[in-house]
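To keep things clear, I will list the structure first and then write my remarks on it.
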């Protein structure tokens, strides 16, 4: 890591294009009360186009799963990384998200000439980067990254549901639904819950010693 400080610049806009490999980067899991934040970086292959790429939130789970496999098979390279619950609580969710993005780019087998990041913040990178608001709906490589990140994270929450079915993680994926908040109050937080998030902190203060 070249710097421990994360950039808080507004969206960067460049008036020139850069030839060479372009990587798209996106994340999944900033808002939930549990689980890591996951980021992905993807360099697509122009010779192997993938139809139907879009913002992962606009796709059905079945379509995301199919595209996940196709992206992994056809992309020039891709990388999935995360920041843990402990890192989220220590750094805050924004900085943990940027850390996961930085790790995803660092994990690429090929070094991109430019990185396009969804949103309006950039992680510290040693290559040219541009933040694009709503990039997951505008840039195919970012759309692909959003799909990889979401499917990867959803699978983790589904596995967590197998271990702790009373919380309903398979259904809400860690978001603060009424069902999730009720389970938090009834059973208390799990180690996978983000203690820096207010609903979890409140439940922790009143937690029962029993955990299903």
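Numbering (this note's numbering), first residue to last: 128 to 339.
Backbone N, C-alpha and C define an ideal beta-carbon position, used for all residues, glycine too.
Just so it is clear, the structure is predicted and the values come from calculations on it, not from any experiment.
Task: N- and C-terminal bounds of the beta strand (DSSP E) containing residue 207 - done: As a working mapping, residue 207 is identified with position 80 in the chain shown. Taken as a continuous stretch (DSSP letters only), the beta strand (DSSP E) holding residue 207 covers 204-210.
Open item on the list: Going by DSSP in three states, residue 149 sits in which element: helix, strand or coil?
Closed with: Along the chain shown, read from residue 1 onward, the residue named residue 149 stands at position 22. Residue 149 sits in a strand when the DSSP states are folded into three classes.
- [ ] Per DSSP, which residues does residue 320 bridge with? Please list them.
- [x] For the purposes of this step, residue 320 is taken as the residue at position 193 of the chain shown. Beta-bridge pairing links residue 320 to 161.
- [ ] Could you check what DSSP says for residue 255 in three-state terms: helix, strand or coil?
- [x] Counting from 1 along the chain shown, the entry for residue 255 is found at position 128. Here residue 255 sits in strand by DSSP.
Open item on the list: With H, G and I counted as helix, E and B as strand and the rest as coil, what does DSSP make of residue 243?
Closed with: To locate residue 243, count along the chain shown from 1; it is residue 116. Residue 243: strand per DSSP, three-state reduction.
TODO: Over the uninterrupted alpha helix (DSSP H) stretch that includes residue 222, give me the two end residues.
DONE: Taking the first residue of the chain shown as 1, we reach residue 222 at position 95. Counting along the chain, residue 222 sits inside the alpha helix (DSSP H) bounded by residues 220-233.
TODO: Assess, as a yes-or-no matter, whether the region 217-235 is touched by the region 148-163 under the definition of 3 or more beta carbon pairs within less than 8 Å.
DONE: Short answer: they touch.
Open item on the list: What does DSSP give as the partner residue(s) for residue 213 in the beta ladder?
Closed with: As a first step, residue 213 must be located in the chain shown, where it is residue number 86. Beta-bridge pairing links residue 213 to no other residue.
Open item on the list: So, under 8 Å CB-CB, residue 318 and residue 327 are touching, yes? Tell me the CB distance rounded to an integer number of Å.
Closed with: Residue 318 sits at position 191 when you count from the first residue of the chain shown. Residue 327 sits at position 200 when you count from the first residue of the chain shown. Contact between residue 318 and residue 327 does not hold, since the beta-carbon distance rounds to 11 Å and is not under 8 Å.
Task: 7 Å CB neighbourhood of residue 300 in its chain, flanking five on each side removed - done: The sequence position of residue 300 within the chain shown is 173, counting from 1. 159, 281, 284.
Open item on the list: Buried or exposed for residue 263, going by 16 or more other Cβ atoms inside 10 Å?
Closed with: As a first step, residue 263 is located in the chain shown; it is residue number 136 there, counting from the start. By the neighbour-count criterion, in which 16 or more other beta carbons inside 10 Å mark a residue as buried, residue 263 falls on the buried side.
TODO: Could you pull out every residue in the same chain whose Cβ sits closer than 6 Å to the Cβ of residue 323, ignoring the five residues on either side in sequence?
DONE: Against the chain shown, residue 323 aligns to sequence position 196. The answer, listed in chain order, is 216.
TODO: Pull up the CB-CB distance for residue 224 and residue 161, whole angstroms please, since I reckon it's below 8 Å.
DONE: To locate residue 224, count along the chain shown from 1; it is residue 97. To locate residue 161, count along the chain shown from 1; it is residue 34. Distance from residue 224 to residue 161 at the Cβ level is roughly 15 Å; contact not present, criterion being Cβ atoms closer than 8 Å.
Open item on the list: Which residue marks the beginning of the alpha helix (DSSP H) containing residue 278, and which one marks its end?
Closed with: Within the chain shown, residue 278 is the residue found at index 151, counting from 1. Element bounds for residue 278: 267-290.
TODO: Below 8 Å on the Cβ atoms is my guess for residue 201 versus residue 177; work out the distance and round it to an integer in Å.
DONE: Stepping through the chain shown from its first residue, residue 201 is reached at position 74. Stepping through the chain shown from its first residue, residue 177 is reached at position 50. The beta-carbon distance between residue 201 and residue 177, rounded to whole angstroms, is 6 Å. This is short enough to meet the 8 Å contact definition.
Task: Neighbourhood of residue 231 by C-beta distance below 7 Å, restricted to the same chain and skipping five residues each side - done: In the chain shown, residue 231 corresponds to position 104, counting from 1. So the list reads 152, 166, 167, 168, 206, 207, 208, once near-sequence residues are dropped.
TODO: Examine the Cβ distances between the region 178-193 and the region 295-313 and report whether three or more of them are shorter than 8 Å.
DONE: Counting Cβ pairs under 8 Å, fewer than three are found: no touch.
Task: Local conformation of residue 310 per DSSP, three classes - done: As a first step, residue 310 is located in the chain shown; it is residue number 183 there, counting from the start. Reduced to three states, the DSSP call for residue 310 is helix.
Open item on the list: In this structure, how does DSSP classify residue 155 when only helix, strand and coil are distinguished?
Closed with: Locating residue 155 in the chain shown gives position 28, where the first residue counts as 1. Here residue 155 sits in strand by DSSP.
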